[in-house]
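The numbering used here puts the sequence shown at residues 138 to 251. In this text, a Cβ means the ideal position worked out from N, Cα and C, and glycines have one as well. See below for the structure under consideration.
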Amino acid sequence: MAHITINTQCLEESISFYQEVVGLSIQNDFRKTSGMPIVFLANAQGETSVELIENKENKYSGDGISIGFHVDNVIEAHEKMANAGLNPTPIISPNPNVKFFFVKDPNGVNIQFI
């Protein structure tokens, strides 16, 4: 997979979320060279990137979509997001080797931290 596209009504808010909460960095920034504001963010390894497209008229809700990201420590990540007021779900552990939780991004997309 090359990238995941998320339409947003507020590009700056979404960029901040994916940088500060998820830990991604801007990979490509087409805000000044494109007819519409588009920014790609990716992790340090440049793996699958998130493409954010600003469309202020967007009626997109993000329901039914989730995107998963690995974290070093699920419990620490959960505490950090709870302290930041992001209202993470309780940690889910379907078996002893797997733990994860979700937070919603500014567009209503469920972001899973595994």
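Roughly how many angstroms separate the alpha carbons of Met173 and Asn192, rounded to a whole number?
As a first step, residue 173 must be located in the sequence shown, where it is residue number 36. As a first step, residue 192 must be located in the sequence shown, where it is residue number 55. Whole-angstrom Cα-Cα distance: 8 Å.
Taking the alpha carbon of Glu194 as the reference point, which residue from Lys169, Asn244, Phe206 and Ile229 has its own alpha carbon closest?
In the sequence shown, residue 194 corresponds to position 57, counting from 1. Nearest of Lys169, Asn244, Phe206 and Ile229 to Glu194, Cα basis: Asn244.
Return yes when the Cβ of Ile190 is within less than 8 Å of the Cβ of Asn144, no when it is not.
If you number the sequence shown from 1, residue 144 lands on position 7. If you number the sequence shown from 1, residue 190 lands on position 53. Taking 8 Å as the Cβ cut-off, Asn144 and Ile190 qualify as a contacting pair.
Distance between His215 and Phe177 (C-alpha atoms, nearest Å):
As a first step, residue 177 is located in the sequence shown; it is residue number 40 there, counting from the start. As a first step, residue 215 is located in the sequence shown; it is residue number 78 there, counting from the start. Approximately 25 Å between the Cα atoms of the pair.
Helix, strand or coil at Gln249 according to DSSP, with G and I counted as helix
The count along the sequence shown starts at 1 and reaches residue 249 at position 112. Reduced to three states, the DSSP call for Gln249 is strand.
Should Val158 be labelled buried (16 or more other beta-carbon atoms within 10 Å of its own) or exposed?
In the sequence shown, residue 158 corresponds to position 21, counting from 1. With 16 or more Cβ atoms within 10 Å of its Cβ, Val158 is classed as buried.
Could you give the distance in angstroms between the alpha-carbon of Phe250 and the alpha-carbon of Tyr155?
As a first step, residue 250 must be located in the sequence shown, where it is residue number 113. As a first step, residue 155 must be located in the sequence shown, where it is residue number 18. Their Cα atoms are separated by approximately 13 Å.
Pop quiz: Val211 and Ile228 are said to be a contact at Cβ under 8 Å. What is the actual Cβ separation, rounded to whole angstroms?
By 1-based counting over the sequence shown, the position of residue 211 is 74. By 1-based counting over the sequence shown, the position of residue 228 is 91. Their Cβ separation, rounded to whole angstroms, is 6 Å, which keeps Val211 and Ile228 in contact under 8 Å.
Exposed unless 16 or more other CB atoms sit within 10 angstroms - verdict on Ser151
Residue mapping note: residue 151 aligns to position 14 of the sequence shown, counting from 1. That one is buried.
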